[in-house]
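Input: a single structure, listed below in structure tokens.
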Amino acid sequence: MKTAKGSYYNRVTWSKNNDGSLTQLWKYINVEGKVISEAFRGIYKKAS
Numbered sequence: 050m051k052t053a054k055g056s057y058y059n060r061v062t063w064s065k066n067n068d069g070s071l072t073q074l075w076k077y078i079n080v081e082g083k084v085i086s087e088a089f090r091g092i093y094k095k096a097s
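For the sequence shown, this note's numbering gives the first residue as 50, with consecutive numbering after it.
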């Protein structure tokens, strides 16, 4: 994506946790591959 502050892309990953839940991590990455910021971190668990 291009903005007035420069170009970046989104990186979204999911990781399985020891308790069976999942963590979603969404980061903004610049064109050099450096993390600009963390946009979102969420933990998902199965409904009981």
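Built from N, CA and C at the ideal position, the CB exists for glycine as well.
Source: prediction; values computed, not measured.
Taking C-beta atoms as the reference points, Leu71 and Lys65 count as a pair closer than 8 angstroms. In terms of CA proximity to Ser86, Asn59 leads the group Met50, Asn59 and Thr52. Close CB contacts of Asn79 within its chain, under the 6 angstroms cut and outside five residues either way in sequence, are with Tyr57 and Ile85 (chain order). In the three-state reduction of the DSSP assignment, Val80 falls in the coil class, being assigned neither a helical nor a strand state.
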